Every structure is written in C-alpha cells, then in structure tokens.
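Everything on this sheet refers to the single structure shown next.
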Amino acid sequence: MIYFQKALETGNITQAAAELHVAQTALGIQIRNLESELGVPLLERHSRGVRATPCGDVLSQYAEEIISRVEQAKRAVRERAGSGTKTITLGLTPSIVRLVGDEILTDLSHMLPGVSLAVVEDFSIVLMRQLERGELSCALTFAQHTDPRFTRRALLEEELFLITANETDGDTGEITFRDAIAHELALCAERDVVTMSVTEIATRLGVPLQVAYQVQSLRAVKNLVAKGVAATIMPYGAAEGELRKGEFIARHIVSPAIVRTLAIVIPRDRGAAGLGPEFDAFIDAVADRLHAARGPVTRRL
C-alpha cells in the first residue's frame, strides 16, 4: 500500500521506486499483487506515468489512515518488547533546524525521560504528507491545513524577509511589500507556504507578482540569490548561515508584513503516538528557543 500511495503521489512508477529505494520491477509487482488481491485495477498507465482508477481513488482515501495505524502498532509492539524507551520522530522545517540545530536533542533531552528523539528535516508540505502516512509522530510545521485525524496548536508567528546578495543591495532597512515583490524573485514551488502567502497578499492588494524563477529546492533558490540574479522572500532562519557570514542581506518586509504561523501538529490519539504532557512542555521550550533566536521577527502565541 505504501508503494501504491507513492506511485500516486509521484505519478510515475520509476520516480516512486527511486524515492523508496526499491527496484522498479519489485514495486510494480507489489502493486499488481495488490490489484490481484482486490480483483480490480488501481492504476491507469499512460504515456506520462500513472494515475488512479476510480477504484484506486477509493483505496487511496483509506490508505493513509491504514498505513498510519500500522506504523503506530509497530511502535507500540517494539516499545513493549524493548527496554521501555519510546521513540518520537519529530518533523522540523529547514529554517527551524538552522536556528536551533541539534541543541534541541541535547539541551532539552532531559525534558523527555525514557524517550529517544529522532528529527526529520523537510518542507512543511512534505512533513504533513509524512505525518499522514504515519512516518512521523508529530511535526512542527507552517502548513495550515490538517485532516481530522490531527490537532494543530499554534505556537508563534514569524515575519518573513526579503533576502538579497550583499553586493546587489546595500540597503538593510525595512522594505514595503510592493517594493519587495518588484525584485526579480526566486521562490519555491506554488504549494510552498511562503509562496502561497506572497501570492495571496499580492492578489489581495491587486499588485502583479512576477516570479522569475520557481524551483522546489531551497538550495537552488539560495544559489540564484548568491549569484545576484534574483532576490527571494524567506524566513530568517532559512538563510541564517549566509546572513551570519555577510553573504546575504535581510530586509524586514512591512506594509503589510508577510506572516506565517508555526504550529505543532499531532495525532488526536496522543497515547498511541507516545505523546504525554511532558512533550507539550518540550515543544513550548523549542518555541521559546526559536522566539529568542537572533534575527527572526516573531511573536509568541
């Protein structure tokens, strides 16, 4: 079922196999076995890849929850058979990791006795997919939408910056939203939280938004900025290293500010996920650490 979901997500058997690190033939055989067991075709093959059949659409609606419950069952059994140590897999965005780094694993580990904490770093939208598939216990994410299986608790608001190469823009003061988007911009894909926020504000103000470069990779965006061919809009933490070295300049965007909300997203069944009251205190400590970090403009909620 994991293979089936990945094939739907990517729309391509070859890409799905590569992302799952399995042979393409093995993935194809497993999906055909699933179709044989159910007695219906689940995927429709076409020249550009695959898409779900009507029966495949029905199965997909159940698959995320099934996979999630299986992973929860595995964790529960392993914890029962082991030393009693629980493993919590926490999803974090790249900007959070750059600001607090491995410190949350060391400085705050005493707040979670009997817990082994594992951290996964990725974009908010990817973390939500992993959470829905049961690959994460919880996630600190800026994504706004969650399904009914999860609860969302807002922690802090963060304002975004216009980021430029040092030699292309000597001004370090505030900049209006209109002036910021007048730059040649490089932004992440359309479903990225930052890109959606910028697009929404531009639409509301009736200001044309011309994105010169739209790429999925944060590294590719920063490479374009470093070459001086584009500016970008991102959280301070995403460019913290380059800003500290003086390679980039960050200008606070105002009139209006671009704000995103950081929230902790957890399963409604907290017990099955191993998330007790001490975990809430741990997350609040992480949010306090982010709020105190140098550079970002944040408000604690």
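Note that this note's numbering has the sequence shown beginning at -5, numbered continuously upward.
All residues carry an ideal CB built from backbone N, CA and C; glycine is no exception.
Just so you know, these numbers come straight off a predicted model, no measurement behind them.
Rounded to the nearest angstrom, what separates residue i and residue j at their Cα positions?
| i | j | result |
| --- | --- | --- |
| ALA232 | GLN(-1) | 30 Å |
| GLU234 | PHE276 | 24 Å |
| GLY270 | GLU38 | 44 Å |
| LEU130 | LEU86 | 10 Å |
| PRO35 | GLY5 | 16 Å |
| ALA279 | GLY268 | 18 Å |
| PHE273 | ASP165 | 42 Å |
| GLU65 | THR189 | 32 Å |
| VAL71 | GLY265 | 14 Å |
| ALA148 | GLY33 | 45 Å |
| HIS300 | LYS80 | One cannot answer for residue 300 here, as it falls past the ends of the chain, which runs -5 to 295. |
| LYS239 | PHE136 | 27 Å |
| VAL209 | GLU115 | 18 Å |
| PRO48 | GLU3 | 16 Å |
| ARG67 | ILE60 | The sequence shown places Ala at residue 67, rather than the Arg named in the question. Spanning the two alpha carbons is a distance of roughly 11 Å. |
| GLU97 | ARG42 | 44 Å |
| GLN9 | VAL201 | 38 Å |
| GLN18 | LEU125 | 25 Å |
| CYS182 | LEU134 | 19 Å |
| LYS216 | TYR230 | 12 Å |
| ASP101 | THR193 | 38 Å |
| SER103 | VAL187 | 29 Å |
| GLY167 | LEU99 | 35 Å |
| VAL52 | THR170 | 47 Å |
Residue i and residue j look like a contact to me (Cβ under 8 Å); what is the Cβ gap, rounded to whole Å?
| i | j | result |
| --- | --- | --- |
| ALA112 | THR83 | 5 Å |
| ARG127 | SER54 | Not a contact, Cβ separation roughly 12 Å. |
| VAL44 | ALA12 | That belief does not hold up - the Cβ atoms of VAL44 and ALA12 are roughly 14 Å apart, past 8 Å. |
| MET105 | LEU154 | Not quite, the Cβ-Cβ distance comes to about 30 Å (not below 8 Å), so this is no contact. |
| LEU312 | GLU152 | Because the chain spans -5 through 295 in this model, residue 312 falls outside it and cannot be assessed. |
| LEU212 | PRO88 | 6 Å |
Which partner residues does residue i have in the DSSP bridge list?
| i | result |
| --- | --- |
| PHE144 | PRO261 |
| GLU115 | LEU86 |
| ILE247 | ILE169 |
| HIS40 | GLY43 |
| SER110 | THR81 |
| THR255 | GLU151 |
| PHE136 | Note: PHE136 sits in no beta bridge, so no partner. |
| TYR207 | ALA180 |
| ALA159 | PHE242 |
| ILE23 | Beta-bridge pairing links ILE23 to no other residue. |
Using CA atoms only, rank isn't needed, just tell me which of the options is closest to residue i.
| i | options | result |
| --- | --- | --- |
| ARG172 | PRO250, SER131 and THR226 | PRO250 |
| LEU199 | SER191, VAL205 and GLU152 | SER191 |
| ALA20 | ILE(-4), ARG42, GLU236 and GLY43 | ILE(-4) |
| LEU156 | LEU130, ILE252 and ARG213 | ILE252 |
| THR292 | ARG262, VAL209, ALA159 and LEU93 | LEU93 |
| ILE25 | GLU97, HIS40, GLY50 and SER41 | GLY50 |
| ASP302 | GLU241, CYS132 and GLY240 | With the chain running from -5 to 295 in the structure shown, residue 302 is simply not present. |
| THR158 | VAL114, GLU236 and ILE60 | GLU236 |
| GLU241 | GLU58, GLU168, ASN160 and THR8 | ASN160 |
| GLY22 | GLY95, THR135, ILE7 and ALA206 | ILE7 |
| ALA206 | GLU31, HIS139 and THR226 | THR226 |
| GLU184 | GLU65, GLU31 and GLN204 | GLN204 |
| LEU28 | ALA57, GLN9, THR81 and LYS239 | ALA57 |
| ALA281 | GLU168, ILE90 and ASP101 | ILE90 |
| ALA196 | ALA174, GLU31, ALA214 and VAL52 | ALA174 |
| THR255 | VAL215, THR193, THR170 and GLN138 | GLN138 |
| Contact the region 230 to 248 vs the region 110 to 129: 3+ CB pairs below 8 Å | Touching, no, given that fewer than three Cβ pairs across the two stretches are closer than 8 Å.
| said: Closer than 8 Å is the cut-off here; do at least three beta carbon pairs connect the region 272 to 287 with the region 175 to 182? | reply: Fewer than three beta-carbon pairs drawn from the region 272 to 287 and the region 175 to 182 are found closer than 8 Å, and the two stretches are therefore not classed as touching.
| query | Is there contact here, the region 217 to 227 with the region 99 to 114, by at least three beta-carbon pairs under 8 Å? | reply | No: the two stretches stay apart, fewer than three of their Cβ pairs being nearer than 8 Å.
| query | Can we say the region 129 to 148 touches the region 254 to 261, given the rule of at least three CB pairs closer than 8 Å? | reply | Flag = yes, the region 129 to 148 and the region 254 to 261 touch.
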